[in-house]
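First the structure, in the form of structure tokens, and then the observations on it.
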Amino acid sequence: MVKSGKSLVTIAIIVGAVAVAFAYTAGWLSPDRITPEKLVAVVQPPGGPALGHRRNHAKGICFTGDFEANGQGAELSTAPMFVRGQYPVVGRFNIAGGDPNVPYAKAQARGFGIRIATPDGQEWRSAMLDAPFFAAPTPQAFYQFLTAAGSKDPDAVKEYASVHPEIMTFIGWVKGHARNESWAEDRFNSLNSFIFTDASGKQHAVRWSYVPAAQAVALTPEELAGRSPNFLDEDITQRVAAGPQKWDLMITIANPGDPTADPTKAWPEDRRTVDVGTLTVKQIEPEADGPCRDLNYDPTVLPSGITTSDDPFPSARSAAYAVSYDRRTAESADYPRTTTGGK
Amino acid sequence: MATNRTRFAPLQRVFHWLMALCILAMLFIGVGMVSTVTTKYLALVSIHKPLGITILVLALIRLSLRLYYGAPALPADLPEPMKLAAKLSHTVFYALMIAMPLLGWAMLSAAEYPVVLYGGLHLPPLVSVNPELHTMLWDAHFYLAFVFFALILLHLGAALFHKWVRRDGVFEAMAPGLAPDRPE
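The listed protein sequences derive, respectively, from chains A and B. For reference, each letter of the first sequence is one residue, going 177 to 519 in this note's numbering. For reference, each letter of the second sequence is one residue, going -18 to 165 in this note's numbering.
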């Protein structure tokens, strides 16, 4: 009996050790670990999340169209959407922030999600910003900044900025950048770097931008304040109804030594860029029934020939976007579709 | 199905221990990946998907082996509730080994994610895109993972109980090693 008593204790210790290892791996013993849920929670509006909507960039509108590759991208990457030809696109114009009812005039930054699909089932998804650089150098710093920005302590952002002075450059951009009258006039930037692999196996660190064909017309602060709450939706719907809107996809190639892991650091203007094709937006659809509604613009959904780089953000974004997606799809009853059978 | 063997067939034992390793790794990877926003997230996800499909293939082969070779009889003096628990847990294990990868695959399909394995190998969608279905599949995949892990802990405890407390040959039936069947 003594021996079996000892054995039972040994068994309990072994089983318990496996359970503890599991709990540790799950982060249950590490309250400071930044989980995807925490990163999502920190972008919520004070009143809580808008159920059924994206947790960030909650306000936006769907578009469809195509990407016409001119073949120049094949020099940089074997991605199938760089082979000369036309590929269908489902995208989404949006603004930063977790509130789907905020007036567009109050947007701090505008965004743009795109999925280019090729007939072999491959996809290139990307979510971009109109900012020329990002707010924080790492996901951990971004989390700290958002925590500081949402804090009641009036000095929290100042304290963050003392460690991360680059945030002041971003805040300066948010406050001071010209607001164009239309998404069709905005340039959208990947900010994160990725690796293109060409047919010879050579790797190129790149960032990319969608550069609008339409001439930018900046609104004065007074004009902006006078626009209707949904003016960007109204504008893009009218423009696209009148004629397709175009952007060129420009790939910027890093020079050796350029910072690829830190999206707060823009690369110098003189870096080589390659125009690889043209995005044509042909139709606008409201999000509630639109094709972008249930699409996650996870920037790590990449075709062969494109991979993530040492930039830590795509991984963090993928983790957080998945949480946002899982939550909003579970709440779809809270964000009703307006037509039956609409997708 | 019935067999006079006192141990599982060597091939069954190989599959058991190989899959034990894969499944335990899979559960740790799964629970670890959803806990982090570091680059470990992507690295773990990129193992989770192909490993899941590997487990599915192994589980189907293993089920065939089980149907072909059967299982050694449990000790006659094992109390009926324990016999029932043993048999039931085996059934649930097989169900989970096959269902979990299918749920994961279907969950990605319902969410309109491409399902990419090693080397850009694409799997076709298992179900059509459907957010409501995605939620059900996601919940099932998530919660069943904890059921799976709890069952493994129970299985581990029971196996060691057979080995050290009852010493009834049940552990030896699946133990690694090439020792021949014990004479009855």
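Think of the CB as a built atom: it goes at the ideal place given N, C-alpha and C, for glycine as much as any other residue. What you are looking at is a predicted structure, and each value in this text was computed from that prediction instead of being measured.
Is the Cβ of Ser508(A) closer than 7 Å to any Cβ of chain B? yes
Checking contacts by CB at 7 Å: is Val18(B) closer than that to chain A? yes
Determine which residues of the stretch 123 to 146 of chain B have a Cβ less than 7 Å from any Cβ of chain A, and write them out in chain order. Phe130, Leu134, Leu137, Gly138, Leu141, Phe142, Trp145 and Val146
Do you know how far the Cα of Arg383(A) is from the Cα of Thr440(A)? 13 Å
Taking the beta carbon of Asn472(A) as the centre, do at least 16 other beta carbons fall within 10 Å, making it buried, or is it exposed? buried
Tell me the rounded alpha-carbon separation between Ala307(A) and Ser366(A). 9 Å
Which residues in chain B sit within 8 Å of Phe198(A), going by Cβ to Cβ distance? Leu8, Phe9, Val12 and Phe130
Any chance you could list the beta strand (DSSP E) runs of at least 3 consecutive residues sitting entirely within the stretch 292 to 338 of chain A, in chain order? 299 to 305
Mapping DSSP to helix, strand and coil, what is Met(-18)(B)? A caution first: Met(-18)(B) carries a pLDDT of 46, below 50, which makes its placement in the model too unreliable to give a value.
Extent of the continuous beta strand (DSSP E) run through Gln379(A): Gln379 to Pro388
Looking only at DSSP bridge pairs, what is Gly453(A) linked to? Ala245(A) and Leu425(A)
Counting C-beta neighbours from all protein chains within 10 Å, is the total for Trp119(B) 16 or more, i.e. buried, or is it exposed? buried
Listed in chain order, which residues of the stretch 80 to 95 of chain B have Cβ atoms closer than 8 Å to some Cβ of chain A? Ala92, Glu93, Tyr94 and Pro95
Apart from the five residues on each side of it in sequence, which residues of its chain come closer than 6 Å, Cβ to Cβ, to Arg448(A)? Ile429
DSSP state of Glu414(A), grouped into three classes? The sequence as given places Gln at residue 414(A); Glu does not occur at that position. Three-state DSSP puts Gln414(A) in a helix.
As assigned by DSSP and simplified to three states, the class of Phe(-11)(B): coil
Using a beta-carbon distance below 7 Å, is Val191(A) in contact with chain B? yes
According to DSSP, is Arg147(B) part of a helix, a strand, or is it coil? helix
Give me the Cα-Cα distance between Pro276(A) and His229(A), rounded to the nearest whole angstrom. 7 Å
Taking 6 Å as the limit between beta carbons, can you name the residues of its chain near Arg286(A), skipping five residues before and five after? Ile271, Asp306 and Asp362
So what does Pro264(A) bridge to, in DSSP terms? Asp242(A)
Own chain residues within Cβ distance below 7 Å of Ser253(A), not counting five before or after: Phe372, Thr373, Asp374, Gly481 and Ile482
With DSSP as the reference, label Glu165(B) as helix, strand or coil. Low confidence applies to Glu165(B): its pLDDT is 43, below 50, so where it sits in the model is not reliable, and the reading given next is rough at best. Coil.
Just to confirm my understanding: we take Phe(-11)(B), look at its own chain, exclude 5 residues before and 5 after, and list those with CB closer than 8 Å. What are they? His(-3), Tyr50, Ala52, Pro53, Ala154 and Met155
Residues of chain B with CB closer than 9 Å to the CB of Asn472(A), please, in chain order. Ala92, Glu93 and Tyr94
Any contact between the stretch 299 to 319 of chain A and the stretch 337 to 354 of chain A? By contact I mean 3 or more CB pairs, one from each, below 8 Å. yes
Below 7 Å between beta carbons: does that hold for His166(B) and Thr505(A)? With chain B covering only -18 through 165, there is no way to say anything about residue 166(B).
Quick check: Asp424(A) and Asp451(A), are their CB atoms within less than 7 Å of each other? yes
On the DSSP bridge assignment, give the partners of Lys235(A) in chain order. Ile271(A)
If Val259(A) and Ala245(A) are in contact, beta carbons under 8 Å, what's the gap, nearest whole angstrom? 6 Å
Answer yes or no: do Val477(A) and Arg301(A) have a C-beta to C-beta separation smaller than 7 Å? yes
Per the DSSP calculation, Gln459(A) is bridged to which residue(s)? Thr240(A)
Contact set between the stretch 20 to 49 of chain B and chain A, restricted to residues whose Cβ is under 7 Å from the partner: Thr20, Tyr22 and Leu23
Given Glu165(B), which residues of its chain have a CB within under 7 Å of its CB, disregarding the five upstream and five downstream residues? Note that Glu165(B) scores a pLDDT of 43, beneath 50, so its modelled location is shaky and nothing firm can be said.
Would Pro462(A) pass as an interface residue toward chain B - the criterion being a Cβ-Cβ separation below 7 Å? no
Out of Val191(A), Asp487(A), Lys328(A) and Trp359(A), state which residue places its alpha-carbon closest to the alpha-carbon of Leu134(B). Val191(A)
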